[in-house]
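What follows is a single structure, written as structure tokens, with notes after it.
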Amino acid sequence: MTNTIPQAFAAAVRRDPTAPLLTWYDDASGDRTELSGATLDNWVSKTANLLVDGVGLGHGDIVALVLPPHWQTAALLLGTSVAGLAADLGEEPQPVEAVFTTPDLVVRATAWSALDRYATGLLPLAMPLRTLPEGYADYVTEVRNYGDHFRGGAPVDPADLALSGPYELSHSDVIEAATERAAELGIAAGDRVLVDTAVHPEAADWLLAPLVAGASVVLCANLDRAKLESRITSEKVSVSLA
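Per the working numbering, the very first residue in the sequence shown carries number -1; after that it's consecutive.
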């Protein structure tokens, strides 16, 4: 039975580690990044190791993710959960142990007080930033120094805090809400779901509902609607949220 975000992610990877689990498009930059379950799992594990071994965070600490929908945002949210930490999705400032953001959102991210700050350009091929905001480390540079497997930390309990912010949700709360949302959106096991980030910017829709349902995602930013039908065909999309 799936009662936590890490359990839902592990189940998704186990189904077929080599199959695409999250495919990213940005029609403004032309970027396309396809991550299999195994590849996304490596990024998630590296992120968890960065948070625990690099930043020194422990069970129940809070990490702010002041980020738009993106495959790196998925890796950070899942890595935070796997590490036994709670994610603040950038809705209401509060004291946190670490914050992750982009240069475009640095001014907004300063509202979250934290000792450790990381920035990412969300660039094609996970390229590092040429210029870092003052006081920030580069997430994609730092995370590559950590192992592809996460073995530390206590097991995540369904009652543990998963999401923090204006509302606080346990892992069991998140799984229940994601299950209900998947049903509302018509997402079922085995579906390939295309998501327009402008229409569905919430992680509950573009990541958690498909993950819990057992679906894979084609996540599209700056969607060129002239390309929509051909993308649905080429990506074998069964559910379009665009």
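Beta carbons: idealized from backbone N, C-alpha and C, even for Gly. Remember, predicted model here, so these are calculated numbers, not experimental data.
{"Item": "In the region 107 to 185, which residue ranges form an unbroken alpha helix (DSSP H) of at least 4 residues, counting only runs that do not cross its ends?", "Value": "137 to 141 and 169 to 183"}
{"Item": "Would a C-beta distance cut-off of 9 angstroms place L63 and F7 closer than the cut-off?", "Value": "no"}
{"Item": "Just list the alpha helix (DSSP H) runs in the region 58 to 113, keeping only unbroken ones of 4 residues or longer that don't cross its boundaries, in chain order.", "Value": "69 to 80 and 104 to 107"}
{"Item": "Where do the N-terminal and C-terminal ends of the alpha helix (DSSP H) with W204 fall, by residue?", "Value": "W204 -> no alpha helix (DSSP H), and no H or E assigned at all."}
{"Item": "Which of helix, strand or coil does DSSP assign to T231?", "Value": "helix"}
{"Item": "Between V197 and the rest of its own chain, which residues show a CB-CB distance below 8 angstroms, the 5 nearest in sequence each way excluded?", "Value": "L239 and A240"}
{"Item": "Does DSSP put T21 in a helix, a strand or coil?", "Value": "strand"}
{"Item": "Determine the extent of the alpha helix (DSSP H) in which L38 is found, giving its start and end residues.", "Value": "G35 to N47"}
{"Item": "The beta strand (DSSP E) with A242 in it runs from where to where?", "Value": "Outside the shown range of the chain (-1 to 240) lies residue 242, about which nothing can therefore be said."}
{"Item": "Is R30 closer than 9 angstroms to W22 when the C-beta atoms are compared?", "Value": "yes"}
{"Item": "So V11 is in the alpha helix (DSSP H); what residue range does that whole segment cover?", "Value": "I3 to R13"}
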